[in-house]
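Take a look at the structure set out below.
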Amino acid sequence: MRPSILITRATFPDVTARLQAHFDVEDNPADTPWNRAELTRRLQGKQGVMSTGSERIDAPLLDACPSLKAVCNVGVGYNNIDIAACTARGVLVTNTPDVLTETTADFGFALMMATARRITESERFLRGGGWTRTGIYDMFIGGDVHGATLGILGMGRIGQAIARRGAAGFGMKVIYHNRSRLPEALESACGARYVDKQTLLRKADHLVLVLPYSPSAHHAIGAAELSLMKRSATLTNIARGGIVDDAALAEALRDQTIAAAGLDVFEGEPDIHPDLFTLPNVVLTPHIGSASVRTRLAMAALTAENLIAALGLGACAGQPPTPVNPEVLAS
Ligand code: 8YV
19 MRPSILITRA
29 TFPDVTARLQ
39 AHFDVEDNPA
49 DTPWNRAELT
59 RRLQGKQGVM
69 STGSERIDAP
79 LLDACPSLKA
89 VCNVGVGYNN
99 IDIAACTARG
109 VLVTNTPDVL
119 TETTADFGFA
129 LMMATARRIT
139 ESERFLRGGG
149 WTRTGIYDMF
159 IGGDVHGATL
169 GILGMGRIGQ
179 AIARRGAAGF
189 GMKVIYHNRS
199 RLPEALESAC
209 GARYVDKQTL
219 LRKADHLVLV
229 LPYSPSAHHA
239 IGAAELSLMK
249 RSATLTNIAR
259 GGIVDDAALA
269 EALRDQTIAA
279 AGLDVFEGEP
289 DIHPDLFTLP
299 NVVLTPHIGS
309 ASVRTRLAMA
319 ALTAENLIAA
329 LGLGACAGQP
339 PTPVNPEVLA
349 S
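Residue numbers (this note's numbering): 19 to 349.
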């Protein structure tokens, strides 16, 4: 009998077809929202699931879906999944690293630039008919990006890719803070210097957050951290909602304790802290860091390869390319 899998969200038809070659597939091409009860019901009798960051996979769900053997998440972050609970039940988890690194770094850089140079704020002004006089010397003057100090909090693959862009392309001085310091060769390859968190906050002209979410990273940027930043500084968050205390950030933006922020991720998204909508000095995007056609296709295709291999099929049977808890494979 062919294994059964669930694809929780709409995906590329070619990827669904690839999975249908191996599995009985239940999918969601209309992208209908499923609540937890509905997800649990649809997972009954399924050995695998192609999940996204929108589904919470935790111990109660796993216990209610005992046939599940593989959770293959479309995304590099997997804070929606209780990894320990999966490992304890012999459920393999996979993610999609590498394929999204450069695209997400492009986006982080673009958001940082849009924030520093007030691009969306000035566009709103223009579209609203506000531009009635030319030559105003201080109209939407912002901060320079080239030659400025770029601060990066979280120096994994995406952080390093942003550092390379800043150092090589824009002549920026790049400083970073991370749980562990990078080997020297890697630091010089991306032109970045390690500093403690306080120095990072004090020195950065543009601070970009790229650290994974974990309970210890909750509100890593709150009122105290924001108060250390330069009044002229910008903050860009492409990591996860919850890393920034959005209420404290809204207050800092209102009081102009920092100059501006660019946010692609939010606490409780898709709900947004209402104060953020009222502020001109914040660029808001709906969690689209990895959203290029090629990268989203690569993420979905890698997830399919993970799922096929995780359930013991295909050329890489038993050896999914990007496992999160490979110890499950050994047991
Ligand atoms: C995805 C992401 O859009 O990879 C990640 O961690 O945040 C994004 O690329 C998200 O995970 C959707 O599943």
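Glycine included, C-beta positions come from ideal geometry on N, C-alpha and C.
Continuous beta strand (DSSP E) stretch holding residue i: start and end
i, result
"Thr167", "167 to 171"
"Leu253", "252 to 255"
"Lys191", "191 to 195"
"Val301", "300 to 302"
"Val226", "224 to 227"
"Arg142", "It is not in any beta strand (DSSP E) - Arg142 instead sits in the alpha helix (DSSP H) that spans 137 to 145."
Extent of the continuous alpha helix (DSSP H) run through residue i
i, result
"Val33", "31 to 38"
"Leu14", "For residue 14 there is no data in the structure shown, the boundaries of the chain being 19 and 349."
"Ala238", "Ala238 -> no alpha helix (DSSP H), and no H or E assigned at all."
"Arg175", "175 to 182"
"Leu204", "202 to 207"
"Arg258", "Per DSSP, Arg258 belongs to no alpha helix (DSSP H) and is neither H nor E."
"Arg314", "311 to 328"
"Ala132", "119 to 134"
"Leu281", "Segment 278 to 281 is the beta strand (DSSP E) holding Leu281; no alpha helix (DSSP H) there."
"Arg20", "Per DSSP, Arg20 belongs to no alpha helix (DSSP H) and is neither H nor E."
"Pro233", "Element bounds for Pro233: n/a, residue is neither H nor E."
"Ile101", "101 to 106"
"Phe284", "No alpha helix (DSSP H) contains Phe284, which DSSP labels as neither H nor E."
"Lys215", "215 to 221"
"Leu294", "292 to 295"
Close beta carbons around residue i, own chain, < 8 angstroms, minus the five adjacent residues each side
i, result
"Cys83", "Thr58, Leu61, Gln62, Lys64"
"Ile101", "Val111, Val342, Asn343"
"Ala238", "Leu171, Leu227, Leu229, Ile261, Val262"
"Leu79", "Arg54, Leu57, Thr58, Leu61"
"Gln274", "Arg249, Asn299"
"Thr252", "Met130, Thr133, Ala134, Gly161, Asp223, His224, Leu225, Ile276, Ala277, Ala278, Ala279, Gly280"
"Pro115", "Val94, Arg175, Thr340"
Residue i at chain C interface by Cβ criterion, 8 angstroms
i, result
"Gly240", "Chain labels in this structure do not include chain C; a single protein chain is all it has."
Beta-bridge partners of residue i, as assigned by DSSP
i, result
"Thr112", "Cys90, Pro341"
"Leu347", "DSSP output for Leu347 lists no bridge partner at all."
"Ala210", "Val192"
6 angstroms CB neighbourhood of residue i in its chain, flanking five on each side removed
i, result
"Arg211", "Ile193"
"Ala328", "Ala88, Leu110, Pro338"
"Ala235", "Leu229, Ile261"
"Glu285", "Gly259, Gly260, Asp264"
"Arg182", "Cys208"
"Ser310", "Thr121"
"Gly165", "Gly189"
Residues of its chain near residue i, where Cβ-Cβ distance is below 7 angstroms and the 5 sequence neighbours each way are ignored
i, result
"Asn196", "Gly172, Met173"
"Ala179", "Thr119, Glu120, Ala123"
"Asn113", "Asn91, Gly93, Val94, Tyr96, Thr340, Val342"
"Ala333", "none"
"Trp149", "Phe143"
"Val43", "Ile23, Ile25, Thr34, Leu37"
"Glu287", "Gly259, His305"
Item to complete: At 4 residues or longer, and completely inside the segment 25 to 87: list those alpha helix (DSSP H) runs for me, N to C.
Response: 31 to 38, 54 to 60, 77 to 82
Discussion item. Three or more C-beta pairs under 8 angstroms: does that hold for the segment 236 to 254 against the segment 211 to 224?
Written reply: yes
Discussion item. If contact is defined by three or more beta carbon pairs under 8 angstroms, each pair taking one atom from either stretch, is the segment 70 to 80 in contact with the segment 43 to 50?
Written reply: no
Practice prompt. Determine, using beta-carbon pairs with one atom in the segment 153 to 163 and one in the segment 117 to 136, whether at least three such pairs fall under 8 angstroms.
Written response: yes
Practice prompt. Tell me, please, whether the segment 313 to 332 touches the segment 33 to 44 by the rule of three or more beta-carbon pairs shorter than 8 angstroms.
Written response: yes
Worksheet item: Is there contact here, the segment 298 to 312 with the segment 270 to 283, by at least three beta-carbon pairs under 8 angstroms?
Response: yes
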